[in-house]
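K.L.:
Could you have a look at this structure, given as structure tokens, before my questions?
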Amino acid sequence: MSDWYRDFANSGFGTTVTKNLGLPRPAVLRRYEPGQPLLTGPAVVGSAGEGRLRAELTELLRDAGVTVQSPATADGSTDGEELAAVLLDATGLTGPADLASAHDFLAPAVKRLRASGRVLVLADPPAETSSPAQAAARQALDGLVRSLAKELRNGATANLVQVPYGAEGSLASPVRFFLSGRSAYVDGQLLTLADADLPADPDAERPLAGKVAVVTGAARGIGAAIARVLARDGAHVVAIDVPASGESLAEVANEVGGTAVQLDITAPDAGPRLAAQLIARHGGADVIVHNAGITRDKLLVNMDAARWNSVMAVNLQAQLDITAALLATDGALKPNARVVCVSSQSGIAGNRGQTNYAASKAGIIGMVRAWAPEFAERGATINAVAPGFIVTEMTAKMPLGTREVGSRLNSLQQGGLPVDVAETIAWLSQPGSGGVNGQVVRVCGQSLLGA
Amino acid sequence: MAAQTRQAAIVGGNRIPFARANGAYARASNQDMLTATLDGLVARFGLQGEQVGEVVAGAVLKHSRDFNLTREAVLGSRLSAATPAYDVQQACGTGLEAAILVANKIALGQIESGIAGGTDTASDAPIAVNEDLRQVLVRLNNARTLQQRLKALSGLRPGQLVPEIPRNAEPRTGLAMGDHAAITAAEWEIGREEQDELTLRSHQALAAAYDSGFFDDLVTPYLGLARDNNLRPDTSLEKLAKLAPVFGRGEGATMTAGNSTPLTDGASAVLLASDEWAAARDLPVLAHLVDAQTAAVDYVHGGEGLLMAPAYAVPVMLARNGLTLQDFDFYEVHEAFASTVLATMKAWEDPAFCKEKLGLDAPLGSIDRSKLNVHGSSLAAGHPFAATGGRIVATLAKTLHEAGPGKRGLISICAAGGQGVVAILES
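Chains as they are written, first to last, in my numbering: chain A, 91 to 541; chain B, 725 to 1151.
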């Protein structure tokens, strides 16, 4: 499943060919590995208007061992070192006129951005002001960041985080995620934070140490990658899949030092059975990852009831029923639990031949948003992750043309890997990510579809 | 030395689906199957890298290269390599005997945890060098001069290329186990219809157990097989009635390929522990192994049926525990052949047998059929000899656990050589 085109485009000869022909040149993305520094070079923090986050951002970066340059140095030193990250505190915007300072800061800084660099803009939510001019300026950032993300090359990304008043304490975990290699395939995204009671900062290398994480559909593909990343981050993984997949499920569970549970999640008693097992064996779960999903593609007019119903049962109804059963059973979910539901780009953009699948995946987004307030009251979170074109055994079976086109239709000009989805889920599962709730995070390299 | 004994807990089990010989597992060895079974158990209970007290398992059909089969399987598994292991073999009683051995060491406080198992492959049965050829080769090996070597080689004959193939027959009688069972069936006047009925119930009960998810935490698929492939959920009395007898002779022959177990490949394992060991790991205790007993009969000269030893073992164990045959909520009587189960039950109901053979004042009486092999048994699942005991122990332990605390179950397994192994489990 290697990306032969990316490898070719990055070879000596391939570079010449792709340059001369104007072909896309997908970069080799910087992905997270344990022990890796947050950034591979200095960062610069600037602001548009009188922002309130600059000091906090600077401190956060310095704590992570990052050299922070001031915008002045960044401006002045054209021969300066390449930048690993450019952060813009735009919480001081009062109207569109202030956006000029955003441009003034970003233009020279982005020019110095190195491969797999990061642009992160932080702003207030437009809805949280009654001033039309201020709302306009804040909303304008959305267009700016999305466009910038499309302009960046060499694996660099740009994302926007909205920080309402009072949610500043939730900033650290999202900022670290977007700057790190964990977000390699997350590009052009908008995330809105909320205020949350967060635990004292845990182990950065093993943020999930001592946690129990349930992963459905863990026998292969993205589910197995999720199990591996959660285990790498310290969690004990309870790996679930249908009994028929038990052999590979056991291999995954043994590989990650977890527990295999063969369970048909669509069985009427699946929720209570899982709840009972989690209480008896693990004292409850800290993380639930609803990853199990199936496709039964047909054009709507040709789709029989069985295809429709089985996709709905596995992809949507089981997530609802199991989450409800765990919420209803005392002790099944630990306080501050994290639920992450795997949605899909198809649920956002739609996809020909996937009315059932896209409906189920869009339904997940509705479910997550509706449940978020109740989860917040428990100190818990529920979020959705929507993968774009992810290179798996399934995509390997696609015709070459379809696969190549599908994998290039995004700002990073390549398909993502299962580990990219897993890293995003592992980040949302962290105790420190309590300020991210009811959000949909796309792992799509800023796909052109449904953007 | 432990001052007093304790009852060993059955934490859970794992097996691979059983496969008819020369089919799904034709390329798997005993060691492959046992290792996969241990790994499935490790995955189920999160035992990666764990050192359990002892792993005890065996195989009935065993290659000479598998002299240390269980230890080799442990080394290939995800258990700690510091886990000791040894092999046992008591024919079809191997699996249950292994569980008893582990339970007894736990009871004595010699170990805190252990895994009992068994594996058998009729597909990869040990094929040995022809005995004549072996003698030639021994002489050749001992020869010191060229002349002696040539002389030894001159003993070679084409016929010696025919290998020794293990036979499913009793060495002392030359009769296949099914032929022995047919003699017993005739003696006890076990009819064809009641055998087929028992067979049908076994298939229906096993299929229902799979459908209800009962085996979700007892079985791990292997080599593409997710259920026992001997299972015929759609079989019927009509279909079973059409099968021609394969054991016994003439008009009275009743034993068919349907109501006899086929040659089967498979493996099973059971995790046993002290209550404390299980509690420390938040692992369940499904049941305790209360007591066990073995017996043997003289089927060569003594006039008793080859597979009737459990009928002798059970009353001894009942007496020791102050129980009657009716004091059980579930019975697991291994279905080597439908006629074996029926003959055993008939013997317990028979005043003459119970008085003369068992020395009892009154017959043991009948058992409630609705409590017998409630999740199916060997007629449906198949019977990989050494793996059957582990299948039954784990199945019964879970059955008792689901029924609630204080439930009692009886296991009865007949074995080649005129032996029987029986045990009591209690939730």
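Cβ atoms here follow ideal geometry from the backbone N, Cα and C, with glycine treated the same way. Only a predicted model underlies this, so the values are computations on that prediction, with no experimental measurement involved.
Among all the DSSP beta bridges, which residues are the ones paired with GLU1150(B)?
P.N.:
Within the second sequence, residue 1150(B) is the residue found at index 426, counting from 1. Partner(s): HIS1012(B), ARG1132(B).
K.L.:
In chain order, what residues of the stretch 939-951 of chain B put their CB closer than 7 Å to some CB of chain A?
P.N.:
Answer in chain order: ASP940, ASP941, THR944, PRO945, TYR946, ALA950.
K.L.:
Helix, strand or coil: which one does DSSP assign to PRO969(B)?
P.N.:
On the second sequence, position 245 is the one that residue 969(B) refers to. The answer is strand: DSSP assigns PRO969(B) an E or B state.
K.L.:
Closer than 9 Å by beta-carbon distance: list the chain A residues that pair up with GLN772(B), in chain order.
P.N.:
Indexing the second sequence from 1 puts residue 772(B) at position 48. Residues of chain A passing the Cβ test: ALA343, ASN344, GLU345, VAL346, GLY347, GLY348.
K.L.:
Does the Cβ-Cβ distance between LEU1013(B) and ALA822(B) come in under 7 Å?
P.N.:
One-based indexing of the second sequence puts residue 1013(B) at position 289. One-based indexing of the second sequence puts residue 822(B) at position 98. ALA822(B) sits away from LEU1013(B), with the two beta carbons spaced by 7 Å or more.
K.L.:
Strictly below 7 Å CB to CB, what residues from chain A border ARG1115(B)?
P.N.:
Mapped onto the second sequence, residue 1115(B) falls at position 391. For ARG1115(B), no chain A residue has a Cβ inside 7 Å of its Cβ, as the nearest lies near 16 Å away.
K.L.:
For the stretch 333-350 of chain A and the stretch 764-783 of chain B, state whether three or more C-beta atom pairs, one from each stretch, are separated by less than 8 Å.
P.N.:
yes
K.L.:
Establish whether the CB of ILE1135(B) and some CB of chain A are separated by less than 7 Å.
P.N.:
As a working note, residue 1135(B) is residue 411 in the second sequence. No, because no Cβ of chain A sits closer than 7 Å to the Cβ of ILE1135(B).
K.L.:
Establish whether the CB of ASP756(B) and some CB of chain A are separated by less than 7 Å.
P.N.:
As a working note, residue 756(B) is residue 32 in the second sequence. Not one chain A Cβ lies under 7 Å of ASP756(B).
K.L.:
Count the other C-beta atoms from every protein chain shown that fall within 10 angstroms of the C-beta of PRO1075(B), then say buried if there are 16 or more, exposed otherwise.
P.N.:
Within the second sequence, numbered from 1, the residue matching residue 1075(B) stands at position 351. Label assigned to PRO1075(B): exposed.
K.L.:
In or out: ALA965(B) buried (at least 16 other Cβ within 10 Å) or exposed?
P.N.:
Here residue 965(B) is taken as the residue at index 241 of the second sequence, counted from 1. ALA965(B) should be labelled exposed.
K.L.:
Determine the chain B residues that contact PRO333(A) at a beta-carbon separation under 8 Å, and present them in chain order.
P.N.:
Numbered from 1 along the first sequence, position 243 holds the residue referred to as residue 333(A). Residues of chain B passing the Cβ test: GLY937, PHE939, ASP940, VAL943, PRO945, ALA950.
K.L.:
Is the beta carbon of ILE839(B) sitting closer than 7 Å to the one on LEU1010(B)?
P.N.:
If you number the second sequence from 1, residue 839(B) lands on position 115. If you number the second sequence from 1, residue 1010(B) lands on position 286. Contact: no.
K.L.:
I want to know whether the stretch 444-463 of chain A touches the stretch 380-391 of chain A - three or more CB-CB distances under 8 Å.
P.N.:
yes
K.L.:
I'd like to know if VAL779(B) contacts chain A, where contact means its C-beta is closer than 7 Å to some C-beta of that chain.
P.N.:
Within the second sequence, the letter at position 55 stands for residue 779(B). No, VAL779(B) lies away from the interface with chain A (no Cβ there is under 7 Å from its Cβ).
K.L.:
What in chain A is Cβ-close to PRO1008(B), meaning under 8 Å?
P.N.:
Working through the second sequence from its first residue, we reach residue 1008(B) at position 284. Going along chain A in sequence order, the residues near PRO1008(B) (Cβ under 8 Å) are ALA370, ARG371.
K.L.:
Kindly say whether GLY361(A), judged by its beta-carbon, lies nearer than 7 Å to any beta-carbon of chain B.
P.N.:
Within the first sequence, residue 361(A) is the residue found at index 271, counting from 1. So no, GLY361(A) is outside the interface.
K.L.:
How many angstroms separate the CA atom of TYR1036(B) from the CA atom of SER926(B)?
P.N.:
The residue given as residue 1036(B) occupies position 312 in the second sequence. The residue given as residue 926(B) occupies position 202 in the second sequence. Roughly 24 Å separates the two Cα atoms.
K.L.:
Taking only beta-carbon atoms, is GLN352(A) less than 7 Å away from chain B?
P.N.:
Within the first sequence, numbered from 1, the residue matching residue 352(A) stands at position 262. Yes, GLN352(A) counts as interfacial toward chain B.
K.L.:
Buried or exposed: where does TYR255(A) fall if 16 or more other Cβ atoms within 10 Å of its Cβ makes it buried?
P.N.:
For the purposes of this step, residue 255(A) is taken as the residue at position 165 of the first sequence. So TYR255(A) counts as exposed.
K.L.:
With DSSP as the reference, label SER206(A) as helix, strand or coil.
P.N.:
Taking the first sequence and counting its residues from 1, one reaches residue 206(A) at position 116. Of the three classes helix, strand and coil, the one that applies to SER206(A) here is strand, per DSSP.
K.L.:
For MET979(B), does the three-state DSSP call read helix, strand or coil?
P.N.:
Within the second sequence, numbered from 1, the residue matching residue 979(B) stands at position 255. Assignment of MET979(B) by DSSP, reduced to helix, strand and coil, places it in the strand class.
K.L.:
Nearest to ALA1152(B) by CA position, among ALA906(B), VAL779(B), ALA867(B), is which residue?
P.N.:
Nothing about residue 1152(B) can be read from this structure; chain B reaches only from 725 to 1151.
K.L.:
Output the distance between the C-alpha atoms of GLY883(B) and ILE312(A), rounded to the nearest integer angstrom.
P.N.:
Here the question's residue 883(B) lines up with position 159 in the second sequence. Here the question's residue 312(A) lines up with position 222 in the first sequence. So the alpha carbons of these two residues sit roughly 58 Å apart.
K.L.:
Please name the residues in the stretch 444-455 of chain A whose beta-carbon is closer than 7 Å to at least one beta-carbon of chain B, in chain order.
P.N.:
none
K.L.:
Which residues in chain A have a C-beta closer than 9 Å to the C-beta of ALA768(B)? List them in chain order.
P.N.:
On the second sequence, position 44 is the one that residue 768(B) refers to. Note that residue 768(B) corresponds to Arg in the displayed sequence, not to Ala. The answer, in chain order, is ALA340, ALA343, THR349, ALA350, VAL351, GLN352.
K.L.:
Would you kindly report the start and end of the unbroken alpha helix (DSSP H) that includes TYR1036(B)?
P.N.:
Within the second sequence, the letter at position 312 stands for residue 1036(B). It spans 1033-1045 - the alpha helix (DSSP H) in which TYR1036(B) sits, taken as one unbroken run.
K.L.:
Does the beta-carbon of ALA230(A) have 16 or more other beta-carbons within 10 angstroms, so that it is buried, or is it exposed?
P.N.:
Here residue 230(A) refers to the residue found at position 140 of the first sequence. Result: buried.
K.L.:
Could you say which of PRO895(B), ALA752(B), THR729(B), ARG730(B) lies nearest to THR988(B) if we only look at CA atoms?
P.N.:
Numbered from its first residue, the second sequence carries residue 988(B) at position 264. Out of PRO895(B), ALA752(B), THR729(B), ARG730(B), ALA752(B) has the C-alpha closest to the C-alpha of THR988(B).
K.L.:
Measuring alpha carbon to alpha carbon, tell me which of GLY1027(B), ASN983(B), VAL943(B), ARG789(B) ends up nearest VAL332(A).
P.N.:
For the purposes of this step, residue 332(A) is identified with residue 242 of the first sequence, where counting begins at 1. Among GLY1027(B), ASN983(B), VAL943(B), ARG789(B), the Cα nearest to that of VAL332(A) is on VAL943(B).
K.L.:
Nearest chain A C-beta to ARG751(B) closer than 7 Å, yes or no?
P.N.:
Residue mapping note: residue 751(B) aligns to position 27 of the second sequence, counting from 1. No, ARG751(B) lies away from the interface with chain A (no Cβ there is under 7 Å from its Cβ).
K.L.:
To the nearest whole angstrom, what separates the beta carbons of GLY182(A) and PRO161(A), a pair I think is in contact under 8 Å?
P.N.:
Position 92 of the first sequence, counted from the start, is the residue given in the question as residue 182(A). Position 71 of the first sequence, counted from the start, is the residue given in the question as residue 161(A). Actually they do not touch by this definition, with Cβ atoms about 14 Å apart.
K.L.:
Starting from the C-beta of LEU1096(B), find all residues in its chain whose C-beta is less than 6 Å away, skip the five residues before and the five after it, and write them out in chain order.
P.N.:
Within the second sequence, numbered from 1, the residue matching residue 1096(B) stands at position 372. TYR1055, listed in sequence order.
K.L.:
Take GLY1089(B) and list the residues in its own chain whose beta-carbon comes closer than 8 Å to its own, dropping the five residues that flank it on each side.
P.N.:
Here residue 1089(B) refers to the residue found at position 365 of the second sequence. Counting only Cβ-Cβ distances below 8 Å, and skipping sequence neighbours, we find THR1048, LEU1049, GLN1050, TRP1072, GLU1073.
K.L.:
Who are THR247(A)'s beta bridge partners in DSSP?
P.N.:
Residue 247(A) sits at position 157 when you count from the first residue of the first sequence. Paired residues: ARG208(A).
K.L.:
Quick one: does GLY764(B) have its CB under 7 Å from some CB of chain A?
P.N.:
Within the second sequence, numbered from 1, the residue matching residue 764(B) stands at position 40. For GLY764(B), at least one C-beta of chain A is nearer than 7 Å to its own C-beta.
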